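Following: one structure in structure tokens, then a few remarks.
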Amino acid sequence: MKHTISELENIASQVRRDVLRMVHAVQSGHPGGSLGCADFFTALYFEILNHKPEFNMDGIGEDLFFLSNGHISPVWYSVLARSGYFEVSELATFRKINSRLQGHPTTHEGLPGIRIASGSLGQGTSVAIGAALAKKLNHDNSLVYVLTGDGELQEGQNWEAFMFAPHHEVDNLIVTVDYNGQQIDGPTEKILSLTSLKNKFEAFGWQVISYDGNNMEEVLKAMHYAKSLTGKGKPIVNLMSTQMGYGVDFMAGTNKWHGAAPNDEQLAKALDQLQETLGDY
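Residue numbers in the sequence shown follow numbering that gives the first Met the number 0, run continuously in steps of one, and reach 280 at the last position.
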């Protein structure tokens, strides 16, 4: 293990601070899902992924990650910077004119770590399947990861991908669903119920793992378990239960902070709840 649970939790605390400060500075962005997924991203980049901050687009011989719900870019940018892909100071340019850190990740700015544009929802799993099949053709034993949102699964393209992957035994693929029960217009159960995702995925032929995405120990255990299941004929999906806005009491568990920025007073109150562990940019 590269880091202890405590060390990873400390990194996640700093990542959450980064997210809030980035969104506050430009009064624009998506803090809710970013805060909820900070533990996942921290575990992924600091413990799970076989990756190289010396970025190349092909990613031969290393694991690949794709962010399908691209609006939670702040948490991804923070973790990329904190793990060495670019200078942490560049986080201060988030969503500003000519910044490489666009509101939704894009490739034409050449930001290290970004392999696809992911502003439009529903496409990430399809891209990840293509990358996973390419690795098989190239005899590359590395893995492909993708994160999606639960509200995003209301997009039909996802279900074509979810049928395709088991049929073609894409068993070097690990999909994680941010299962927070919230989307921009309200709770997913009210907007368009997903009913039992576990039953759906199992019926489609996936290996399903469920865990608490805001418990670092559980996150690591589940992600290591998912890796152990690869290469056995089935794609793997993690149903990761999180709380939107996790880590800040007045932001947690509501869709209100899906795409809203805190004001000065709210930022100060939020930062008081999150330890500065790596130094603010």
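Idealized CB from N, CA, C, for every residue including glycine.
Note that this is a predicted model, so its numbers are computed, not measured.
Neighbourhood of residue i by C-beta, 6 Å cutoff - its chain only, sequence neighbours within 5 removed
| i | result |
| --- | --- |
| Gly244 | Gly31, Leu34, Met250, Ala251, Trp256 |
| Gln153 | Leu191 |
| Pro104 | Gly69, Ser72, Ile113, Ser117 |
| Tyr44 | Val78, Ser82 |
| Pro186 | Gly180 |
| Ala80 | Val87, Leu90 |
| Ala131 | Val143, Val169, Asn171, Leu172 |
| Glu108 | Arg99 |
| Thr175 | Leu146, Asn237, Met239 |
Option nearest residue i by Cα separation, candidates the options
| i | options | result |
| --- | --- | --- |
| Asn97 | Glu86, Leu110, Ala267 | Leu110 |
| Glu217 | Gly230, Met239, Asn137, Val207 | Met239 |
| Ala259 | Lys1, His70, Glu46, Leu48 | His70 |
| Pro52 | Tyr76, Gln101, Cys36, Asn68 | Tyr76 |
| Asn254 | Leu132, Ile4, Asp184 | Asp184 |
| Val78 | Lys197, Met162, Ala11 | Ala11 |
| Thr124 | Glu151, Ile4, Glu108 | Glu151 |
| Gln182 | Thr3, His29, Val25 | His29 |
| Ala202 | Leu228, His166, Leu273, Thr92 | His166 |
| Ile115 | Ala131, Ser227, Phe64, Gln274 | Phe64 |
| Trp158 | Lys199, Ser119, Lys134 | Lys199 |
| Ala133 | Asp57, His107, Leu193, Lys197 | Asp57 |
| Val317 | Cys36, Ala91, Asn49 | A query on residue 317 cannot be resolved here, the shown segment of the chain reaching from 0 to 280 and no further. |
| Cys36 | Ala131, Val126, Pro186, Asn179 | Asn179 |
| Ala160 | Ser195, Thr175, Val126 | Val126 |
Cβ pair residue i, residue j closer than 8 Å
| i | j | result |
| --- | --- | --- |
| Ala225 | Val247 | no |
| Gly148 | Asp38 | no |
| Ile173 | Leu142 | yes |
| Arg16 | Asp279 | yes |
| Ala42 | Leu7 | yes |
| Ser27 | Arg99 | no |
| Thr276 | Asp177 | no |
| Lys1 | Glu61 | no |
| Gly204 | Gln156 | no |
| Val74 | Val145 | no |
| Asp170 | Gly102 | no |
| Gly232 | Glu168 | yes |
| Met162 | Ile4 | no |
| Gln206 | Asn9 | no |
| Tyr84 | Phe40 | no |
Residues bridged to residue i [DSSP beta-bridge criterion]
| i | result |
| --- | --- |
| Met239 | Asp177, Tyr210 |
| Tyr285 | Outside the shown range of the chain, which is 0 to 280, sits residue 285, and nothing can be said about it. |
| Leu43 | Paired residues: none, contrary to the question. |
| Val143 | Leu63, Leu172 |
| Pro186 | Gln181 |
| Gly148 | Asp177 |
Spatial neighbours of residue i in its chain, beta-carbon cut-off 8 Å, leaving aside the 5 residues before and after
| i | result |
| --- | --- |
| Leu266 | Leu19, Arg20, His23 |
| Asn137 | Ile59 |
| His223 | Ile47 |
| Lys197 | Val207, Ser209, Leu238 |
Close beta carbons around residue i, own chain, < 7 Å, minus the five adjacent residues each side
| i | result |
| --- | --- |
| Ala164 | Ile128, Leu172, Pro234 |
| Ala221 | Ile208, Tyr210, Asn237 |
| Ser88 | Tyr280 |
| Leu228 | Gln206, Ile235 |
| Asn49 | Glu61, Asp62, Ser141 |
| Asp139 | Ile59, Gly60 |
Could you pull out every unbroken beta strand (DSSP E) segment of at least 3 residues lying fully inside the stretch 67-116, listed in chain order? none
At 4 residues or longer, what runs of the alpha helix (DSSP H) sit wholly inside the stretch 2-31? 4-25
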